[in-house]
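Protein chains in written order, with the numbering used here: chain A, -9 to 276; chain B, -18 to 109. Working notes, structure below.
So, in structure tokens, the structure goes:
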């Protein structure tokens, strides 16, 4: 059934890929881990697509879901547009470098790097998050860049924050962009790490600003992929529409779902896929 | 005009812009998908071997020509171009918004991001 060279025609293939992508988008939205990270393994392992086609299709779906989600987030007043815009210089440069690397790195290495990133995301989703320190003194560079802000806090009222370590955050963001361009993922986890841990930006502001940045980062590498012929319309169509539908559905049922159990199951799936990708990379069957 | 008020307004416009871009591109991709499947639904597909897309599906002029000849794959690709252009439009709008706030430093930062984005689309091959 999964051998696309025999049996499956375009219609069957499209429907199955759309269903698989929708489940990935739904789980990604419900667990907050993002659907992009399971899409490439799904397309390469289950649907036997070349990893470069899979990365191209995944990038396109990352733009769709992040733009859809960002539209909702920016209105809530959590995301900081100035922080996002400044750091996008780093993520887009990184994305271009990553996309370029993807065109020269052998596919088996892409598979292995992808596997390692999957294992790390699975680990990261269970590591307790150290609390961001509050009431830090203003940092001269962050102040000069007008990054300090405030957001509606859980206790009510506005809570002010002072951004720290801009060079550290900027460097991490370059890395996040490079991973995104190399593997076709949103790399939201690394972006949040850069803002929340390195720059001491409140978690809620970090996650929403990260979401805001993912689309622009992915657009930088998607343009490169498209002009290089790495984006196949027949594959990208069901992937993009499926993931978008799944993530929109996920955002609607988010409040009712038992996300803790789901997060656990999803991270086990991610770890399993990570091992598979590494194995396939080593044996050269990717 | 207090800064927070205008920042909130910018965020509203950005939110609507993103939503409109995604809706438009998803509609075009869906339409193209229908045309493609009606015409080629029974054809065999194989993505195991990487060949790369032909020039008419990777350059903007080729994609436009293909889409307006009502070829399904060309229409899908046009929808994907619109999707890629959505964040680019957001960045372009932000330049205008920062200029309206007379924030020269952020006009410059946003300009750098726009140049990088346009380079990726225009400079890296035969896209346009």
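We put the CB at the ideal spot given by N, CA and C, even for glycine.
If I'm right that residue i touches residue j with Cβ under 8 Å, what's the distance once you round it to whole angstroms?
i, j, result
"residue 44/A", "residue 27/A", "The Cβ separation is near 12 Å, so there is no contact."
"residue 227/A", "residue 55/B", "At roughly 12 Å, the Cβ-Cβ gap does not stay under 8 Å, so residue 227/A and residue 55/B are not in contact."
"residue 41/A", "residue 276/A", "6 Å"
"residue 261/A", "residue 106/A", "That belief does not hold up - the Cβ atoms of residue 261/A and residue 106/A are roughly 11 Å apart, past 8 Å."
"residue 3/A", "residue 26/B", "5 Å"
"residue 234/A", "residue 54/A", "5 Å"
"residue 266/A", "residue 35/A", "6 Å"
"residue 39/A", "residue 28/B", "4 Å"
"residue 57/B", "residue 10/B", "5 Å"
"residue 95/B", "residue 65/B", "Actually they do not touch by this definition, with Cβ atoms about 14 Å apart."
"residue 199/A", "residue 73/A", "6 Å"
Under 8 Å between beta-carbons, which chain B residues line up against residue i? List them in chain order, please.
i, result
"residue 32/A", "Those within 8 Å of residue 32/A in chain B number zero; the least Cβ separation is about 13 Å."
"residue -1/A", "22, 23, 24, 25, 26"
"residue 3/A", "26"
"residue 230/A", "7, 10, 61, 64"
"residue 29/A", "Neighbours of residue 29/A on chain B: none; closest Cβ ~14 Å, over 8 Å."
"residue 243/A", "The premise fails here: residue 243/A is roughly 20 Å from chain B at the closest Cβ pair, so nothing lies under 8 Å."
"residue 39/A", "28, 29"
"residue 162/A", "Neighbours of residue 162/A on chain B: none; closest Cβ ~17 Å, over 8 Å."
"residue 131/A", "Going along chain B, no residue has its Cβ under 8 Å from residue 131/A, so there is no contact; the nearest lies around 12 Å."
"residue 24/A", "The premise fails here: residue 24/A is roughly 16 Å from chain B at the closest Cβ pair, so nothing lies under 8 Å."
What residues are listed by DSSP as bridge partners for residue i?
i, result
"residue -1/A", "25/B"
"residue 37/A", "The partner list for residue 37/A (beta bridge, DSSP) is empty, contrary to what the question assumes."
Which residues of chain A have a Cβ atom closer than 8 Å to the Cβ of residue i, listed in chain order?
i, result
"residue 75/B", "71, 75"
"residue 2/B", "57"
"residue 45/B", "Within chain A, no residue comes near residue 45/B; the closest Cβ sits about 13 Å away, beyond 8 Å."
Residue i touches chain B at which residues, Cβ-Cβ below 7 Å?
i, result
"residue 43/A", "28, 31"
"residue 60/A", "-1"
"residue 123/A", "Those within 7 Å of residue 123/A in chain B number zero; the least Cβ separation is about 25 Å."
"residue 94/A", "Within 7 Å Cβ-Cβ: nothing; residue 94/A doesn't reach chain B, min ~13 Å."
"residue 83/A", "97"
"residue 233/A", "Chain B residues near residue 233/A: none, gap ~11 Å exceeds 7 Å."
"residue 210/A", "97, 98, 101"
"residue 10/A", "None at all; the shortest Cβ gap to chain B is about 14 Å."
"residue 157/A", "Here the premise fails: no neighbours, minimum Cβ distance about 15 Å."
"residue 225/A", "28"
Is residue i near residue j, with beta carbons less than 9 Å apart?
i, j, result
"residue 53/B", "residue 6/B", "no"
"residue 151/A", "residue 141/A", "yes"
"residue 48/B", "residue 0/A", "no"
"residue 232/A", "residue 14/A", "yes"
"residue 172/A", "residue 100/A", "yes"
"residue 161/A", "residue 207/A", "no"
"residue -1/B", "residue 91/B", "no"
"residue 38/B", "residue 130/A", "no"
"residue 8/A", "residue 84/A", "no"
"residue 97/B", "residue 183/A", "no"
"residue 236/A", "residue 19/A", "yes"
"residue 143/A", "residue -8/B", "no"
"residue 78/A", "residue 203/A", "yes"
"residue 11/A", "residue 229/A", "yes"
"residue 122/A", "residue 192/A", "yes"
"residue 271/A", "residue 124/A", "no"
"residue 211/A", "residue 89/A", "yes"
"residue 63/B", "residue 12/B", "no"
"residue 205/A", "residue 52/A", "yes"
"residue 132/A", "residue 153/A", "yes"
"residue 155/A", "residue 190/A", "yes"
"residue 213/A", "residue 35/B", "no"
"residue 23/A", "residue 170/A", "no"
"residue 69/B", "residue 80/B", "no"
"residue 17/A", "residue 252/A", "yes"
"residue 80/A", "residue 257/A", "no"
"residue 185/A", "residue 72/B", "no"
"residue 86/B", "residue 136/A", "yes"
"residue 216/A", "residue 102/B", "yes"
For residue i, return the contacting residues in chain B, with the cut-off set at a CB-CB distance below 9 Å.
i, result
"residue 128/A", "Here the premise fails: no neighbours, minimum Cβ distance about 17 Å."
"residue 107/A", "Near residue 107/A there are no residues of chain B at all, since even the closest Cβ is about 21 Å away, more than 9 Å."
"residue 206/A", "68, 69, 71, 72, 94, 98"
"residue 219/A", "32, 33, 34, 35, 36, 38, 39, 106"
"residue 86/A", "97, 100, 101, 105"
"residue 112/A", "Under the 9 Å cutoff, chain B gives no residues; its nearest Cβ is about 27 Å from residue 112/A."
What does residue i touch in chain A if you count any residue whose Cβ is under 9 Å from its own?
i, result
"residue 42/B", "By Cβ distance, chain A contributes nothing, its closest Cβ being about 12 Å from residue 42/B, past 9 Å."
Which residues in chain A have a C-beta closer than 7 Å to the C-beta of residue i? List them in chain order.
i, result
"residue 83/B", "Here the premise fails: no neighbours, minimum Cβ distance about 12 Å."
"residue 90/B", "75, 76, 79"
Self-check item: Segments of 3+ residues assigned as beta strand (DSSP E) that fall wholly inside the stretch -15 to 54 of chain B
Solution: The DSSP assignment places no complete beta strand (DSSP E) segment of no fewer than 3 residues inside the stretch -15 to 54 of chain B.
Quiz prompt | 3-residue-minimum beta strand (DSSP E) runs that sit fully inside the stretch 133 to 159 of chain A, ordered along the chain | solution = Within the stretch 133 to 159 of chain A, the complete beta strand (DSSP E) segments of 3 residues or longer fall at 139 to 142, 148 to 151, listed in chain order.
Practice problem: Please go through the stretch 186 to 236 of chain A and give each complete alpha helix (DSSP H) segment of 4 or more residues, from N-terminal end onward. | Solution: The stretch 186 to 236 of chain A contains these whole alpha helix (DSSP H) runs: 193 to 217.
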